[in-house]
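Step one of this worksheet: look at the structure below.
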Amino acid sequence: MKPSIPRAALFLAAPILTSLSLMSVSPASRAATPVPPDAEQRPHTVKAPHGATREDVYYWLRDDTREDPAMLAYLNAENAYADAMLASLKPVENALYDEIVGRIQQDDSSVPYRDRGFWYYSRFETGKDYPVHARRPDAPGVDALTIQAANARGDFAGEQIMLDVNVLAEGKDYYAVGDWDVSRDNRILAYADDTNGRRQYTVRFRNLETGEVYPESIPGVSANLVWADDNRTLFYVENDPDTLLTVRVKKHVLGTPVADDVLVYEEKDDSFYMGIDRTRDDKYIVIGVGSTVSSELRYAPADAPETFTVLAPRARDVEYDADHHGGRWVIRTNADKATNFKLVTAPSDATSRRQWTDLVPHRDDVYIEGYELFDGFTAIEERAEALTRVRVLKADGSDDFVQADEPAYAMGLSVNSEPDTDWLRYSYTSLTTPATTLEVNTATGERRQLKQQPVIGYDPANYVTERVWTTARDGARIPVSLVYRKGFEKNGTAALLQYGYGSYGASMDPGFSVTNVSLLDRGMVYAIAHIRGGEEMGRAWYDDGKLLNKINTFTDFIDVTDDLVRQGYAAPDRVAAYGGSAGGLLMGAISNMTPEKYRVILSQVPFVDVVTTMLDPTIPLTTNEYDEWGNPEQRRYYDYMLSYSPYDNLEAKAYPAMFVGTGLWDSQVQYWEPAKYVARLRDVNTSDRPVVFRTNMEAGHGGKSGRFRRFRESAEMYAFMFDQLGLGAAATARR
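Take the sequence shown: its letters are residues -31 to -1, 1 to 704, numbered as in mature numbering (1 follows the signal peptide of the UniProt record, and there is no 0).
Pasting the structure below:
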């Protein structure tokens, strides 16, 4: 399925840094310190249905239209203050930006995959921000490696450009293509684009044979498109214009008015997300809905998708997803107390869980994350001891595992577009190994590398990755992934950047980031704390970090910091922490709980006003997340959420230096949460360490569009961090 995106999910970025000797400017050498904005206070009482009230003098900063002059004036004043505070670091930022871009092979392309007679891929051109989505017809002697070689030579003969996103983005402050799908006869392209970062997409159509752009467009949808077999009917998911919830599946017939589009399905329960897809064998179009604790799937024949049949009715605390191949449904589910999920099968006409038969049973020590169906085997993504692995289950019942070569890594299924093959394509990366696409022959065991992310000037032999374990205050064992430059000594003097997320069951696996090299070359340690709230250690790891267990997420992160400092990985006064979105909630919580343990906090699009947001069902995505955070209309959840909500727990104390970022058009975490948070923080903070608040006025949850524009934002934030940690000219990068 292609689900919609939760409020705070998918801001999972690793820190962006690379290597160049940077010049640091000491605070003493700066001109007179600028004065931060002082936001106006206006009385406002936030009331809960059970009678509890809270005063929120900065509530007025909320403006759903994004047009209030006073609000915009405040955000612009904060941006001007950020400009002034960071002006002396501009040489560092520029050097860092140049370094990041210098490590990137600008004319790179993705690994092609074959589908219905064409090889599809995306490529970048030197100096350009956006990808070109293209395809080449299949022919004898053509495969992924030969196409990659041609692309590397700049030989694009025979290529058909479907979308040149650079052209589409011209003149726009923000532009993104969220999804595209080609009709079954390979002629018509449907794609969904977003022009402000709010993830409200518009569907457009293009004839790939003639280049004709069709006149109709469909606004207000999610990035989720599926063609029916007639090559004229497109299924799409319509969003609620206010809450942005995925509420209706409709179908559009090319050449007909959009106003006449037929309603296929409407979801009445506002705690559910919705997505559409085709099954592996292309026989069915499916509509999937899911909340935090429940799922339901409907299916209809792709050649006549008129009536959709429920595969199994929804039930609370029963989740499932399903695919069809080989004349049966294969279903991943936690039914029957299969906490870590199991695989079952069902007949093609199934309508009930009573028709399910176990295929891969549940295990307490192995969490099943996903699977892919092939003619002769099933590939299963599993997680054990906080590490991912790929298991190959063959038709005769035997199985095998794809091998890994490092103590901490991330492995998963790649694009396997065709089921009639012995070759399984998968991805592999680690904190020292750039993203690599490989394939293994499940019949012979032969393994070959298709591509590794090129990183200019990087030698993995110079770096070391570790997996260590911390014991939390309640006895839980917390895995931690570490990376540092070879020769590093645990003598308690180094600077550390510790990253965390810990929500929605999203696992933060240790993957390579080209930008991390700058930290490591200056003697820094980079650590990922795999704290509760993710699923690194299975579903129980998630359950122990949500709802009335949420505090575990924050104390786990703090306990990891304490242990890394105790073991000598970092100096106690040189620890930086970074998180975004729900990870920004984490940053707000730890800075309230133990501000003295962090020298600098980096917080992007942070979810920091938990209670007010979760009390308001009109705010996008709130109702979907009652089973993640709790519903504060119930007093026990209200009180618990209030006990950790970063905005509500700010008080007079010395806070760390902070860099807080947001996007005016953010649909996942509304801009006013960090705006209010910073305004109140300025009122109570007794520290003289700087607080910088940067609002991107043209972007949403993921920041600016375009690969280079994102690096500019990141370079600014990390120049700030380097300055606070005392890294610069004195810490010369080692080659």
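The beta-carbon is built from N, C-alpha and C at its ideal position, and this holds for glycine as well.
The structure displayed is predicted, hence computed values, not measured ones.
query, result
"Neighbourhood of V653 by C-beta, 7 Å cutoff - its chain only, sequence neighbours within 5 removed", "L619, E620 and A621"
"I337 beta carbon less than 8 Å from that of K311", "yes"
"Reduced DSSP category for M556 - H, G, I as helix; E, B as strand; rest coil", "helix"
"Host alpha helix (DSSP H) of R651 (start-end)", "W641 to V653"
"Cβ contact check for the stretch 385 to 404 and the stretch 36 to 51: 3 or more pairs under 8 Å", "no"
"Which residues DSSP lists as bridging Q129, in chain order", "R104"
"Three CB pairs or more closer than 8 Å across the stretch 249 to 263 and the stretch 284 to 301", "yes"
"Beta-carbon spacing of D334, A315 below 8 Å", "no"
"8 Å Cβ cutoff met for I254 and A269", "yes"
"R681: first and last residue of the uninterrupted alpha helix (DSSP H) it sits in", "R676 to L694"
"Extent of the continuous beta strand (DSSP E) run through I337", "Y336 to L342"
"Between the CA atoms of D229 and R217 - distance to the nearest angstrom", "14 Å"
"Beta bridge counterpart(s) of I570 as assigned by DSSP", "A546 and M627"
"Short Cβ contact (8 Å threshold) for P388 with T434", "no"
"Cβ-based neighbour list, residue 709, same chain, cut-off 6 Å, excluding 5 preceding and 5 following", "Residue 709 is absent from the structure shown; the chain starts at -31 and stops at 704."
"N- and C-terminal bounds of the beta strand (DSSP E) containing G366", "G366 -> no beta strand (DSSP E), and no H or E assigned at all."
"C-alpha gap between P601 and V580, whole angstroms", "7 Å"
"Residue of E504, T95 and N460 minimising C-alpha distance to R543", "N460"
"Residues that G480 bridges to, as DSSP identifies them", "DSSP lists no partner for G480."
"Same chain only: Cβ atoms within 8 Å of Y567, ignoring 5 sequence neighbours per side", "T530, V544, A545, A546, I559, S560 and P625"
"Where F310 sits in the DSSP three-state scheme", "coil"
"Spatial distance of T22 from E207 (CA atoms)", "36 Å"
"With 16 other Cβ atoms within 10 Å as the buried cut-off, status of E9", "exposed"
"Exposed unless 16 or more other CB atoms sit within 10 angstroms - verdict on R11", "exposed"
"Same chain only: Cβ atoms within 7 Å of D150, ignoring 5 sequence neighbours per side", "A159, L194, V195 and W196"
"Integer-rounded CB distance, given that I157 should sit under 8 Å from E200", "Here residue 200 turns out to be Asn, not Glu, going by the sequence shown. At roughly 7 Å, the Cβ-Cβ gap stays under 8 Å, so N200 and I157 are in contact."
"CA-to-CA distance, G166 to V(-7), given in whole angstroms", "Bear in mind that a pLDDT of 36 at V(-7), under 50, signals an unreliable position, so the number given afterwards is only what the model happens to contain. Approximately 34 Å between the Cα atoms of the pair."
"Beta-carbon gap between P81 and A113 smaller than 8 Å", "yes"
"Close-in-space but distant-in-sequence residues of the same chain around Q75 (CB under 7 Å, 5 per side omitted)", "F93, T95 and G96"
"Among L280, L232, Y687 and R454, the one whose alpha carbon lies nearest that of L400", "R454"
"DSSP three-state assignment for V206, whether helix, strand or coil", "strand"
"Start and end residues, alpha helix (DSSP H) containing T95", "Where T95 is concerned, there is no enclosing alpha helix (DSSP H), given that its DSSP letter is neither H nor E."
"Closest residue to R168 among R175, G189, D154 and S152 (Cα-Cα distance)", "G189"
"Buried/exposed call for F204, threshold 16 Cβ in 10 Å", "buried"
"Pick from A271, G296 and V569 that is closest to M690, judged by C-alpha positions", "V569"
"Buried or exposed by the 16-neighbour rule on C-beta atoms within 10 Å, applied to A273", "exposed"
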